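The sequence shown stops at residue 504 when you use my numbering, and every number in between is there. Note that the Cβ used here is the ideal one computed from N, Cα and C, for glycine as well. Nothing here was measured: the structure is a model prediction, and the numbers come from that model. Working notes for the structure below.
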Amino acid sequence: MTRFFAAANTEEGFYSLFSEIFSPDVLRRIYILKGGPGTGKSTLMRGVGFAAEANGYDVEYYYCSSDTGSLDGVLIPALGVAVIDGTAPHMTDPCYPGAVERIVNLGDAFDFEALERQREQIMAQIKEKQSFYRTAYRYLSAAGRMEREISELSAPAFLVSKADAAIARMVLSMKRARPGRVSHRYISAIGTSGPVSFDTLFRKAEKTYAVTDKYGLGYLFMGRLRMALERAGLAMTVCQTPLVRTRTEGIFVEGENVFFMLCGEETENACDKTINITRFLSKEYLAAHRGRLRFSQRCAASLMAGALDALAEAGRLHAETEKIYSASMDFSKVDSIKSRMISEIFANNMLKMKNIIENTEDV
């Protein structure tokens, strides 16, 4: 089981990787779920994922970057099949209707009369939630600008040639790394329940490197490492930081199965090796600018706290709206849709279908 996020709440607003991860030009079939909050989309996708695992397939689970306990999509790479949430903010419509994508309307299970009776409450909750998201994105935008101030201030302290020499030696030592494309994934999110990170690539790696320093400038090294690996044409998965997309927090090199990750002091001991980038920094320069740097970091942290408070309020309202919709659904219809979808996806495994469907009915 592999866990990622397919989108992020960033300094630029909501940013999605759906078009890369769930490309209709690459996948054989994509089920696009339509409906509302609390209508069973995540549960349906989880059931499909469990069925795939029961059939021996690897599954990639993509979680929501806001409601980090819910799914935005599942991907079965070996089959070229995905099931995704096609509702806002990652609204998805078919490019090749029927040929690749299939629309699945969970709205068919609505109790429309019950929802209409609560129309005013639903509208008020959704509008208030949208207001909190706008507030959160303003804070995130300001936090991002402060992070850029930190980058601009600290860049002269980074000894680029010294770091590049060390990176070149590391890249040359990667004898099993293979040429290939660069994939982008998120392993961290700024969600309604706070910051969340997945250890997917950490667990997958044969060797892990913690990139750390006491100044919080490890992203400078990660950026140079990413550029060197790209020049070498190596296959890798690049994980951007959720706030600032131009920063890299993780790099997994395919074939070599090595993972480089930004770490704080509390997590670096879990890695096999530590790259303390302090040796690539001018301590004299940082000492001369310490006050301004620390002030900028405090500002960024305060703005992030404001964003998290607003996101928490948005999450609270979303949960209230989910309750209304969940109480106005005929979930037996959703179960039937799930059973039919599982049968379609795993048509070559019909002998297992009855048992799998029964075991996932109540997932």
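- No Cβ-Cβ contact shorter than 9 Å links residue 342 with residue 405.
- Using a 10 angstroms sphere on the CB of residue 181, the tally of other CB atoms reaches 16 or more, which defines it as buried.
- About 17 Å separates the beta carbons of residue 225 and residue 198, which is beyond the 8 Å limit, so they are not a contact pair.
- Around the beta carbon of residue 205, a 10 Å sphere encloses 16 or more other beta carbons of the protein chains shown; the residue is thus reported as buried.
- Taken in chain order, the complete beta strand (DSSP E) segments of 3 or more residues contained in the stretch 156 to 221 are 170 to 175, 201 to 204 and 212 to 217.
- Counting only runs of 3+ residues, the beta strand (DSSP E) found wholly inside the stretch 218 to 248 occupies 222 to 226 and 242 to 246, in chain order.
- The distance from the Cβ of residue 214 to that of residue 147 is about 6 Å, consistent with a contact at the 8 Å cut-off.
- Listed in chain order, the non-local C-beta contacts of residue 482 below 8 Å within the same chain comprise 172, 185, 189, 224 and 245, local neighbours out to five positions each way being set aside.
- It is roughly 10 Å from the alpha-carbon of residue 458 to the alpha-carbon of residue 268.
- Residue 255 places its beta carbon less than 9 Å from that of residue 469.
- Boundaries for residue 485: no beta strand (DSSP E) harbours it, while the alpha helix (DSSP H) harbouring it runs 472 to 486, taken from the DSSP string.
- Taking a cut-off of 8 Å for Cβ pairs, the stretch 262 to 277 and the stretch 409 to 429 do not touch, as fewer than three such pairs fall below it.
- Taking 9 Å as the cut-off, the beta carbon of residue 287 is found no closer than this to the beta carbon of residue 351.
- If you check the CB distance, residue 212 and residue 187 come in under 9 Å.
- With a 10 Å radius around the Cβ and a threshold of 16 neighbouring Cβ atoms, residue 488 comes out exposed.
- If you check the CB distance, residue 464 and residue 179 come in under 9 Å.
- According to DSSP, residue 415 shares a beta bridge with 351.
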